[in-house]
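Novice: Got a structure for you, questions after.
Residue numbers (our numbering): 2 to 138.
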(Lines of atoms letter the chains of each structure in order from A; the text may use other names.)
(Lines give C-alpha, C1' and ligand atoms only; values in the text may rest on other atoms or scores of the structure.)
Protein backbone atom coordinates (compact mmCIF):
# COMPACT_ATOMS: atom_id res chain seq x y z
CA UNK A 2 0.00 0.00 0.00
CA UNK A 3 1.29 3.45 -0.92
CA UNK A 4 -0.50 6.47 0.55
CA UNK A 5 0.20 10.05 -0.43
CA UNK A 6 -1.02 13.05 1.57
CA UNK A 7 -0.36 16.79 1.54
CA UNK A 8 -0.40 18.12 5.13
CA UNK A 9 0.68 21.62 4.05
CA UNK A 10 1.21 23.68 0.90
CA UNK A 11 4.86 22.69 0.50
CA UNK A 12 4.89 19.24 2.12
CA UNK A 13 4.11 15.76 0.86
CA UNK A 14 3.94 12.69 3.10
CA UNK A 15 4.28 9.22 1.62
CA UNK A 16 3.62 5.98 3.49
CA UNK A 17 4.67 2.64 2.02
CA UNK A 18 3.92 -0.71 3.61
CA UNK A 19 3.29 -4.23 2.45
CA UNK A 20 2.94 -5.42 -1.12
CA UNK A 21 2.33 -2.89 -3.87
CA UNK A 22 0.69 -4.04 -7.11
CA UNK A 23 0.37 -2.27 -10.48
CA UNK A 24 -3.03 -0.70 -9.74
CA UNK A 25 -1.89 0.60 -6.36
CA UNK A 26 1.35 1.97 -7.81
CA UNK A 27 -0.49 3.70 -10.67
CA UNK A 28 -3.01 5.34 -8.36
CA UNK A 29 -0.38 6.43 -5.83
CA UNK A 30 2.07 7.86 -8.38
CA UNK A 31 -0.72 9.73 -10.18
CA UNK A 32 -1.82 11.13 -6.81
CA UNK A 33 1.79 12.09 -5.95
CA UNK A 34 2.24 13.90 -9.26
CA UNK A 35 -1.10 15.69 -8.83
CA UNK A 36 -0.42 16.74 -5.22
CA UNK A 37 3.06 18.00 -6.14
CA UNK A 38 1.69 20.54 -8.62
CA UNK A 39 2.65 24.06 -7.62
CA UNK A 40 5.12 23.02 -4.90
CA UNK A 41 8.42 24.89 -4.73
CA UNK A 42 11.12 24.33 -2.10
CA UNK A 43 9.05 21.43 -0.85
CA UNK A 44 9.67 18.93 1.90
CA UNK A 45 8.80 15.26 1.89
CA UNK A 46 8.40 12.73 4.69
CA UNK A 47 8.66 9.19 3.36
CA UNK A 48 7.74 6.45 5.85
CA UNK A 49 8.57 2.88 4.85
CA UNK A 50 7.34 0.15 7.19
CA UNK A 51 6.80 -3.55 6.61
CA UNK A 52 8.54 -3.31 3.22
CA UNK A 53 7.94 -5.98 0.60
CA UNK A 54 9.19 -5.85 -2.97
CA UNK A 55 6.60 -4.40 -5.36
CA UNK A 56 5.17 -6.71 -8.00
CA UNK A 57 6.69 -6.70 -11.48
CA UNK A 58 3.60 -4.87 -12.71
CA UNK A 59 4.11 -2.16 -10.08
CA UNK A 60 7.74 -1.72 -11.12
CA UNK A 61 6.68 -1.44 -14.77
CA UNK A 62 4.22 1.32 -13.84
CA UNK A 63 6.99 3.15 -11.97
CA UNK A 64 9.36 2.91 -14.94
CA UNK A 65 6.65 4.30 -17.25
CA UNK A 66 6.31 7.37 -15.00
CA UNK A 67 10.04 7.83 -14.41
CA UNK A 68 10.34 11.06 -16.48
CA UNK A 69 7.56 12.71 -14.44
CA UNK A 70 9.05 11.39 -11.21
CA UNK A 71 12.48 12.82 -12.05
CA UNK A 72 10.90 16.22 -12.69
CA UNK A 73 9.41 16.08 -9.18
CA UNK A 74 12.88 16.18 -7.62
CA UNK A 75 13.24 19.82 -8.64
CA UNK A 76 10.14 20.71 -6.59
CA UNK A 77 11.60 19.43 -3.31
CA UNK A 78 14.61 20.57 -1.28
CA UNK A 79 14.51 17.98 1.50
CA UNK A 80 13.28 14.46 2.04
CA UNK A 81 13.32 12.58 5.35
CA UNK A 82 13.08 8.80 5.02
CA UNK A 83 11.82 6.80 8.00
CA UNK A 84 12.49 3.06 8.03
CA UNK A 85 13.72 0.38 10.40
CA UNK A 86 15.52 -1.39 7.56
CA UNK A 87 19.13 -0.18 7.55
CA UNK A 88 19.60 -1.03 3.87
CA UNK A 89 16.63 1.18 2.91
CA UNK A 90 18.02 4.10 4.94
CA UNK A 91 21.43 3.64 3.31
CA UNK A 92 19.93 3.40 -0.19
CA UNK A 93 17.97 6.62 0.43
CA UNK A 94 21.11 8.50 1.44
CA UNK A 95 22.98 7.19 -1.62
CA UNK A 96 20.09 8.42 -3.76
CA UNK A 97 20.44 11.82 -2.08
CA UNK A 98 24.11 11.91 -3.05
CA UNK A 99 23.18 11.20 -6.67
CA UNK A 100 20.48 13.90 -6.81
CA UNK A 101 22.34 17.11 -5.89
CA UNK A 102 19.24 19.32 -5.74
CA UNK A 103 17.52 17.09 -3.15
CA UNK A 104 18.89 16.61 0.36
CA UNK A 105 17.87 13.21 1.73
CA UNK A 106 18.42 12.11 5.31
CA UNK A 107 17.26 8.82 6.79
CA UNK A 108 15.97 8.00 10.25
CA UNK A 109 14.74 4.94 12.14
CA UNK A 110 10.96 4.76 12.55
CA UNK A 111 11.31 5.60 16.25
CA UNK A 112 13.08 8.85 15.32
CA UNK A 113 10.04 10.48 13.68
CA UNK A 114 10.37 13.60 15.88
CA UNK A 115 13.99 14.05 14.82
CA UNK A 116 12.97 13.66 11.17
CA UNK A 117 10.26 16.31 11.57
CA UNK A 118 12.73 18.65 13.30
CA UNK A 119 15.25 18.16 10.48
CA UNK A 120 12.60 18.80 7.80
CA UNK A 121 11.44 21.95 9.58
CA UNK A 122 14.97 23.21 10.31
CA UNK A 123 14.21 23.37 14.03
CA UNK A 124 16.87 22.93 16.67
CA UNK A 125 15.96 20.94 19.73
CA UNK A 126 15.95 23.38 22.64
CA UNK A 127 16.77 20.80 25.30
CA UNK A 128 20.27 20.24 23.91
CA UNK A 129 21.00 23.97 24.29
CA UNK A 130 19.63 24.04 27.85
CA UNK A 131 21.91 21.20 28.90
CA UNK A 132 24.94 23.22 27.81
CA UNK A 133 24.18 25.98 30.31
CA UNK A 134 22.68 23.84 33.06
CA UNK A 135 25.77 23.88 35.29
CA UNK A 136 27.16 27.24 34.18
CA UNK A 137 28.55 29.14 37.19
CA UNK A 138 27.05 32.53 37.93
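All residues carry an ideal CB built from backbone N, CA and C; glycine is no exception.
Computed from a predicted model, the values in this text were never measured in an experiment.
With a 10 Å radius around its C-beta and 16 neighbouring C-beta atoms as the bar for buried, classify residue 91 as buried or exposed.
Specialist: exposed
Novice: According to the neighbour-count rule (16 or more other Cβ atoms, all chains shown, within 10 Å of its Cβ), is residue 55 buried or exposed?
Specialist: buried
Novice: Sorted by chain position, which residues of the same chain lie with C-beta nearer than 7 Å to residue 119's C-beta, five sequence neighbours on each side aside?
Specialist: 81, 106
Novice: Taking just the CA atoms, how far does residue 23 sit from residue 45?
Specialist: Distance from the CA of residue 45 to the CA of residue 23, rounded to the nearest whole angstrom, comes to 23 Å.
Novice: For residue 26 and residue 87, I'd like the C-alpha separation in whole angstroms.
Specialist: Their backbone Cα atoms lie some 24 Å apart in a straight line.
Novice: Taking only runs of the beta strand (DSSP E) that begin and end inside the segment 59-113, which ones reach a length of at least 3 residues, in chain order?
Specialist: 77-84, 104-108
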